[in-house]
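Here is the structure we will look at, set down as structure tokens.
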DNA sequence: TCAAGGTTCAAACGTTCGTTTAATTTTATG
DNA sequence: CATAAAATTAAACGAACGTTTGAACCTTGA
């Protein structure tokens, strides 16, 4: 009756099932009875092992993000040591940040595409305790990578870099969430949602190879020109406007 | 006791309040009693006017998306007629699609930043009835703009264009959702969340001027090179890999 | 072997949820 | 003004929610 591929340990089994259910239905729409039922454990097991539902969600993320953000710091440290004081290339910074993330999608032991989708969908959740948790969990990594990006693009204003880091996180988040208006409409393959078969590997790799050039192109795009005319109609030709200073570097 | 700036008509007042509450707390975490209480109407009013909670959410989106997607088709029609058979420039297509959207953020009568944030946050909601609704509501517009993009980039494979359209939707969605890990950590100004003061105008404009160059840069980035070595360690230098063919055009 | 601590269990807790009902008030129409 | 339709109201519905309880069960070490 319980889900397949379940861990023998009750605690881990709850985490595995909760991860999948939160991904498929969202936090609020996933009840304790759905989780414990699918995990084949007693209803009270969640409260016994984790205290409350909120703490269960935090633990679902904690066990994955702990590895991810530690790995991100290790990779960045290695890159910076290897560069011996010189600024990194933007492509190196992006590869380190997003490459480590997308690596999770290729490794079921790290959460696989299930966790990636959960992460992408939860990053935009307005719930107070969720955003507070992410803020504290991501603080150090974001700060380190922000500084690395600022050093790698000395001619781009700091505020602009923060904006583009924001855009990049969004493109990545939405891409791995896989909730596609596009997928339903277009006949293109894209993701296949399942994630348990070995095909998950190539899926995450394809995503990585598609996403990285896009992010680099966006990061290195010309800066906006704020001196140009303010609003615009939307009915006008609209082309060839707001060109700006070019960003150099690789 | 009820919210300020409320419409005199009960039906519209419910829609206004629901829009704000769904944005602030999400669909599941917003109860009928929260909505009717803040709107100063009877609990049964929602069921009387809309039938059910799901239908209320659909109507909240419908009254805004009706204008948006109609406007998008009008603008695209005008551009294509003006081009008289020639393919549009990618920048024109993006300006038409995302410019009309971000215009909503500048006009409180169209929903303002409140609706933009709600839209951004709901686009990644896994709930079945929500994604089904968006799929049908967006079908025509997405198909038309996809075709326009394909025509504007004849040397880029269709699948690649769909991927990048996906990435662009993500960057936009996340940016307007404004649930920022970054905002909490960095001291940069960015959005100011409130949305009722006239400052909302410049906020949406700034966002538009920052987002558009990023999207164009990502769309026109070099194509990924699939013949290169497959996975990669994550601990290696990681730089200067996977460069590829350049995409031309403006 | 037996006490102790960790774990699982069925059952119930009080609360909140979305929805429905039936009576009442308001509005519009002849 | 009378009457039908539309709208609003207070109250209650059953269902589902997260959590708690206290007894039963299993494991472990002296």
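Protein chains in written order, with the numbering used here: chain A, 499 to 748; chain B, 499 to 748.
We treat Cβ as the ideally placed atom computed from N, Cα and C, and that holds for glycine.
Note that the coordinates shown come from a computational prediction; the quantities given were computed from them, not determined experimentally.
> So, are the CB atoms of residue 573 of chain B and residue 607 of chain B less than 8 angstroms apart?
Replying inline: Here residue 573 of chain B is taken as the residue at index 75 of the second chain, counted from 1. Here residue 607 of chain B is taken as the residue at index 109 of the second chain, counted from 1. No, the Cβ-Cβ distance between residue 573 of chain B and residue 607 of chain B is not below 8 angstroms.
> Roughly how many angstroms separate the alpha carbons of residue 617 of chain B and residue 583 of chain B, rounded to a whole number?
Replying inline: Here residue 617 of chain B is taken as the residue at index 119 of the second chain, counted from 1. Here residue 583 of chain B is taken as the residue at index 85 of the second chain, counted from 1. Near 34 angstroms, if we compare the C-alpha coordinates of residue 583 of chain B and residue 617 of chain B.
> Which full runs of the alpha helix (DSSP H) of 4+ residues lie inside the stretch 646-671 of chain A, going along the chain?
Replying inline: Within the stretch 646-671 of chain A, no complete alpha helix (DSSP H) run reaches 4 residues.
> Looking at C-alpha atoms only, which residue of B/591, B/539, B/665 is the closest neighbour of residue 510 of chain B?
Replying inline: Against the second chain, residue 510 of chain B aligns to sequence position 12. Comparing Cα-Cα distances from residue 510 of chain B to each of B/591, B/539, B/665, the minimum goes to B/539.
>> I'd like to check one pair, residue 591 of chain A with residue 647 of chain A: are the Cβ atoms closer than 8 angstroms?
In response: In the first chain, counting from the first residue as 1, residue 647 of chain A sits at position 149. In the first chain, counting from the first residue as 1, residue 591 of chain A sits at position 93. Going by C-beta atoms, residue 647 of chain A is nearer than 8 angstroms to residue 591 of chain A.
>> Going by DSSP in three states, residue 713 of chain B sits in which element: helix, strand or coil?
In response: Within the second chain, the letter at position 215 stands for residue 713 of chain B. Note: residue 713 of chain B maps to helix in three-state DSSP.
>> Since residue 721 of chain B and residue 666 of chain B should fall inside the 8 angstroms C-beta cutoff, what is the C-beta to C-beta distance between them, to a whole number of angstroms?
In response: By one-based count along the second chain, residue 721 of chain B stands at place 223. By one-based count along the second chain, residue 666 of chain B stands at place 168. Between residue 666 of chain B and residue 721 of chain B the Cβ distance is about 16 angstroms, and since that is not below 8 angstroms, they are no contact.
>> Is there a C-beta anywhere in chain A that falls below 8 angstroms from the one on residue 561 of chain B?
In response: Here the question's residue 561 of chain B lines up with position 63 in the second chain. It does not; no Cβ of chain A falls within 8 angstroms.
>> Below 9 angstroms on C-beta distance, what does residue 522 of chain B contact in chain A?
In response: As a first step, residue 522 of chain B must be located in the second chain, where it is residue number 24. Ordered by position in chain A, the residues that pass the 9 angstroms Cβ test against residue 522 of chain B are 624.
>> Taking only three categories from DSSP, how would you classify residue 575 of chain B?
In response: Here residue 575 of chain B refers to the residue found at position 77 of the second chain. DSSP places residue 575 of chain B in helix when its eight states are reduced to three.
> Between residue 543 of chain A and residue 515 of chain A, is the Cβ-Cβ spacing less than 8 angstroms?
Replying inline: As a first step, residue 543 of chain A is located in the first chain; it is residue number 45 there, counting from the start. As a first step, residue 515 of chain A is located in the first chain; it is residue number 17 there, counting from the start. No, Cβ-Cβ distance for residue 543 of chain A and residue 515 of chain A is not below 8 angstroms.
>> Any C-beta of chain A within less than 9 angstroms: which residues of the stretch 521-551 of chain B qualify?
In response: The residues in question are 521, 522, 523, 524, 525, 526, 527.
>> Rounded to the nearest angstrom, what separates residue 702 of chain A and residue 630 of chain B at their Cα positions?
In response: Mapped onto the first chain, residue 702 of chain A falls at position 204. Mapped onto the second chain, residue 630 of chain B falls at position 132. Rounded to the nearest angstrom, the two C-alpha atoms are 25 angstroms apart.
>> Can you check whether the C-beta of residue 608 of chain A is within less than 8 angstroms of a C-beta belonging to chain B?
In response: Reading the first chain from its first residue, position 110 is the one you call residue 608 of chain A. With 8 angstroms as the cut-off, residue 608 of chain A does not count as an interface residue toward chain B.
> alpha helix (DSSP H) containing residue 509 of chain A: first to last residue?
Replying inline: Indexing the first chain from 1 puts residue 509 of chain A at position 11. Element bounds for residue 509 of chain A: 508-523.
> In chain order, what residues of the stretch 662-677 of chain B put their CB closer than 8 angstroms to some CB of chain A?
Replying inline: Of all residues in the stretch 662-677 of chain B, 662, 663, 664, 665, 666, 667, 668, 669, 670, 671, 672, 673, 675, 677 have a Cβ within less than 8 angstroms of some Cβ in chain A.
> Should residue 708 of chain B be flagged as near chain A, meaning a C-beta pair shorter than 8 angstroms?
Replying inline: Locating residue 708 of chain B in the second chain gives position 210, counting from the first residue. With 8 angstroms as the cut-off, residue 708 of chain B counts as an interface residue toward chain A.
> residue 715 of chain A touches chain B at which residues, Cβ-Cβ below 8 angstroms?
Replying inline: For the purposes of this step, residue 715 of chain A is identified with residue 217 of the first chain, where counting begins at 1. By Cβ distance, chain B contributes 715, 716, 717, 718, 719, 720.
> Would residue 618 of chain A count as contacting chain B if we go by Cβ distances under 8 angstroms?
Replying inline: Position 120 of the first chain, counted from the first residue, corresponds to residue 618 of chain A. Yes, residue 618 of chain A lies at the interface with chain B (some Cβ there is under 8 angstroms from its Cβ).
> How long is the line joining the alpha carbons of residue 580 of chain B and residue 718 of chain B, rounded to whole angstroms?
Replying inline: Along the second chain, read from residue 1 onward, the residue named residue 580 of chain B stands at position 82. Along the second chain, read from residue 1 onward, the residue named residue 718 of chain B stands at position 220. Each residue's alpha carbon lies about 23 angstroms from the other.
> Under 8 angstroms between the Cβ atoms of residue 613 of chain B and residue 556 of chain B?
Replying inline: Indexing the second chain from 1 puts residue 613 of chain B at position 115. Indexing the second chain from 1 puts residue 556 of chain B at position 58. Taking 8 angstroms as the Cβ cut-off, residue 613 of chain B and residue 556 of chain B do not qualify as a contacting pair.
> Among residues of its own chain, excluding the 5 on either side of residue 520 of chain B, which ones have a beta-carbon nearer than 6 angstroms to its beta-carbon?
Replying inline: On the second chain, position 22 is the one that residue 520 of chain B refers to. Excluding sequence neighbours, residue 520 of chain B sits near 528, 616.
>> Can you give me the C-alpha to C-alpha distance between residue 523 of chain A and residue 545 of chain B, rounded to a whole angstrom?
In response: For the purposes of this step, residue 523 of chain A is identified with residue 25 of the first chain, where counting begins at 1. For the purposes of this step, residue 545 of chain B is identified with residue 47 of the second chain, where counting begins at 1. CA-CA distance, residue 523 of chain A to residue 545 of chain B, rounds to 24 angstroms.
> What in chain B is Cβ-close to residue 712 of chain A, meaning under 7 angstroms?
Replying inline: Taking the first residue of the first chain as position 1, residue 712 of chain A is located at position 214. Neighbours of residue 712 of chain A on chain B, chain order: 662, 665, 716, 719.
>> Residues in the same chain with beta-carbon distance under 8 angstroms from residue 531 of chain A, minus the five sequence neighbours each way, listed in chain order, please.
In response: The sequence position of residue 531 of chain A within the first chain is 33, counting from 1. Within the same chain, Cβ atoms closer than 8 angstroms to the Cβ of residue 531 of chain A are found at 541, the five residues on either side in sequence being excluded.
>> Please return the same chain residues whose Cβ sits closer than 6 angstroms to the Cβ of residue 518 of chain A, not counting the five positions on each side in sequence.
In response: One-based indexing of the first chain puts residue 518 of chain A at position 20. 612, listed in sequence order.
> Would you report the Cα separation of residue 672 of chain A and residue 623 of chain B, rounded to the nearest angstrom?
Replying inline: The residue labelled residue 672 of chain A in the question sits at position 174 within the first chain. The residue labelled residue 623 of chain B in the question sits at position 125 within the second chain. So the alpha carbons of these two residues sit roughly 11 angstroms apart.
>> Quick check on residue 550 of chain A: buried or exposed, where buried means 16 or more other Cβ atoms within 10 Å of its Cβ?
In response: Position 52 of the first chain, counting from 1, holds the residue named residue 550 of chain A. The residue in question, residue 550 of chain A, is exposed, as its Cβ has fewer than 16 Cβ neighbours within 10 Å.
> Which same chain residues, not among the five before or five after residue 513 of chain A, have their C-beta less than 6 angstroms away from its C-beta?
Replying inline: Within the first chain, the letter at position 15 stands for residue 513 of chain A. Cβ within range, chain order: 558.
> With burial defined as no fewer than 16 other Cβ atoms inside 10 Å of the residue's Cβ, what is the status of residue 507 of chain B: buried or exposed?
Replying inline: By 1-based counting over the second chain, the position of residue 507 of chain B is 9. It is exposed - the Cβ of residue 507 of chain B has fewer than 16 other Cβ atoms within 10 Å.
> How big is the Cα-Cα spacing for residue 711 of chain A and residue 655 of chain B?
Replying inline: Indexing the first chain from 1 puts residue 711 of chain A at position 213. Indexing the second chain from 1 puts residue 655 of chain B at position 157. Cα-Cα distance, rounded: 15 angstroms.
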